[in-house]
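Accompanying notes for the structure given below.
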Amino acid sequence: MRARVIALGLGLLGVACHDDERRPYTPFTMSSGAGNPSSIASSQTPPTQKAPFKRRDATIAKQPKRKWILDGFEIVAPDGSLLESAIVADFNNDGSLEAIAWIIAEAEPTRTANMRPQPATLWLFEKGASKRKVAGEPGFVPTGPSCKTTRTLTQTGRQTVSLSVSASCQGNLIPRAPTRGMLVIRPLNRQPVVFGLRIADAAKGETLSLSFDTQDIDGDGRDDVKLTAGLSTDDAPPVEVELRWLDRTTGLARDPAQPATAFQDMASVELVRSDGVNTSRAVIPRVEKGRRLHASLCDGSGVTRVHTLNGTGLPCVGLEQAFDWFAEAETQSRITQGNIRDAFGVLERADWFHPSLSKRGRKAIEKRLLKTVDAVKAKLRAVDVKVRGPDNTPRYSPLRFEDDGSLLVLGPSGVQRIGRDDSVEYIEDEVDPWPMTVIGPSKDRFLGVAYPCESATVMLLRSGSTGMVKPPILTDLLAPRPGACGGRPPDSRRPSVLGWGDDGPIAIVHGHSIGKLPTRGAPGAAVSTDGRFVVAPTALGVLITGPGQKKPSLWSADELPLPLKLQDCVIHTDGKHTACIRNGAVVQLSAAD
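Heads up: the sequence shown begins at 437 in the working numbering, then just goes up one per residue.
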């Protein structure tokens, strides 16, 4: 098997070593107009008009056979083997037909169901020449009794065919290990395998589609390679991008403009749609599919699922504009739908995806966000009291407001009250400490946030009443890429807890709302006790939203520079007083009357 993998890798590395046949040299330029196949083809009018090429799948034999006459061409399998499928075509346009066929081993009488099957091979048949093997099944595709192998052979260009071999196996495989191989084969070449890919299964809940089109793109008479990659998460059409390689005298040359141009086109469309009341509803799912496609396709995401035959990833460059527009489209879509709180959350995750949001993109988003809020200059008061130490798990705040506006602080030795006049008194005999652990009605406990590599979305971790860990709760928040999957430290910011609903914890996780807003806030929750106001520290200030606000307000204070570094915020029922913890100290913010 190892020898087969090496052979295929050498086939890829040998793309620069084509036949000694003479062919025109076309300099590789793919900028602006040079990248337009139609403009190139129009300047190179062929001497004779060829019939349009039609992609076609191999003909599959009803029963594997030793001898087969297909399209008038007689194909005879090597000894001990049978013909499974074949394509008959004139691959070199010399007026004579050739055949390329999948060959499988004849069943052996002593073979049992648990024995590993013999690998299939691809053979070339020419009139007046000896048949020869041109390729085999990629050695990295898993085989065995628990695996079902699917093979497809398609003529995708006048001179080339594409081969796909995939395996579906029972049991667990190594994460992101390849289960599918795709090869581009020029049968008449001395080195027939001109390009290939190793592909892993898609992430849970995703469908990753990949297909080759190997028609001549630039009109030089040689088949090129176009890879169309798509990703879907539901029954809706997938988002797609293309990568292209042109066949040159020195080998395949990658078009540097792709897939950046395709991602930009995708993002620009969603940015336009984000302003429409109806069209904005579909923007976020498509933006997220675009990000997911990039993570699966492109090198550097930490979860890449597509590699060349020698194991290297596909670099994708020039994506800054596309990812800026993705973020801006997401922001405006949430604004259009009236979800200002989550619109501000886009900036909280500015560095979650590669490439990160640029300064230019950030300014464009800030401009949109600031139009949606009333700016409030708040008065800041710092209070010298100790609070209960930080905890790595989600928690209710050690702060809570009383009805009269006094602030209660849960300290190491009990409860303290901070009056409107900044007086401090211990009231442990008057007020019992409130629970900071986030526990649901069934005694489930909110343990933390996970950023999985094999699932596309963030998960909420929990345990049951006995302390045993329960299955995580899936959210609709896209996980960072590369994030921890690429060796980066996980985001340590705790979520702002609002309560517990029918489906689990209600919280603001990195600026994104999880669950339905509760009608009443528990002690220490980031929602007022009457459910009318929600407080959330953001990248631009302290954001106040909720049904008690005609328009969201953004609070700032001269003594509170950005970034805020605030946690455990709470808000009074009047919507004019908030309190948070900054670097272990209590700060209070008050809006002007």
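For every residue, glycine included, the Cβ atom is placed at its ideal position computed from N, Cα and C.
- Fewer than three pairs of CB atoms, one per stretch, sit closer than 8 Å, so the region 648 to 663 makes no contact with the region 761 to 775.
- Around the beta-carbon of Tyr862, fewer than 16 other beta-carbon atoms lie within 10 Å, marking it exposed.
- Ranked by Cα distance from Leu883, the first of Gly754, Pro830 and Ser849 is Pro830.
- Excluding sequence positions up to five before and after Arg929, its CB lies within less than 7 Å of the CB of His946, all in the same chain and listed in chain order.
- Taking C-alpha positions only, Ala494 is separated from Thr893 by approximately 39 Å.
- Excluding residues up to 5 positions away in sequence, Ala818 lie with their Cβ nearer than 7 Å to the Cβ of Ala1021 in the same chain.
- Rounded to the nearest whole angstrom, the C-alpha separation of Arg956 and Ser964 is 7 Å.
- In the DSSP assignment, Trp761 falls within the alpha helix (DSSP H) that extends over Glu756 to Thr772.
- Ile801 sits buried, since 16 or more C-beta atoms from the chains shown fall within 10 Å of its C-beta.
- The three-state reading of DSSP puts Pro751 in coil, since its state is none of H, G, I, E or B.
- Glu784: not part of any beta strand (DSSP E); member of the alpha helix (DSSP H) spanning Ile776 to Glu784, first to last residue.
- Sorting Lys906, Ala765 and Arg917 by C-alpha distance to the C-alpha of Val719 places Ala765 at the top.
- If you check the CB distance, Pro916 and Phe762 do not come in under 8 Å.
- About 4 Å separates the Cβ atoms of Arg634 and Pro614, confirming a contact at the 8 Å cut-off.
- Listed in chain order, the beta strand (DSSP E) elements of length 3 or more contained wholly in the region 639 to 723 are 643 to 649, 661 to 668, 675 to 684 and 687 to 690.
- Each of Tyr832, Pro877, His948 and Ile875 was checked against the Cα of Pro959, and the nearest Cα belongs to Tyr832.
- Taking the CA atoms as reference points, Leu976 sits about 25 Å from Arg709.
- The alpha-carbon of Ala665 is positioned some 46 Å away from that of Arg968.
- Residue pairing by DSSP places Pro514 opposite no residue, since no beta bridge is assigned to it.
- The shortest CA-to-CA distance from Asp865 to any of Ala779, Pro791, Ser849 and Ile511 is the one to Ser849.
- Under the criterion of beta carbons closer than 8 Å, Gln591 and Ile523 qualify as touching, at roughly 5 Å.
- Per DSSP, Ile610 is not a residue of any alpha helix (DSSP H), being assigned neither H nor E.
- From the listed residues Val705, Asp787 and Lys725, the smallest Cα separation to Ser716 is found for Val705.
- Annotation for Leu806: the continuous alpha helix (DSSP H) segment containing it runs Lys795 to Leu806.
- Here DSSP, grouped into helix, strand and coil, assigns Arg929 to coil.
- Taking the C-beta atoms as reference points, Val601 is found no nearer than 8 Å to Val570.
- Nearest to Thr685 by C-alpha distance, out of Val630, Pro721 and Ala698, is Val630.
- Below 8 Å, enough C-beta pairs join the region 834 to 850 and the region 1000 to 1011 to call them touching: three or more.
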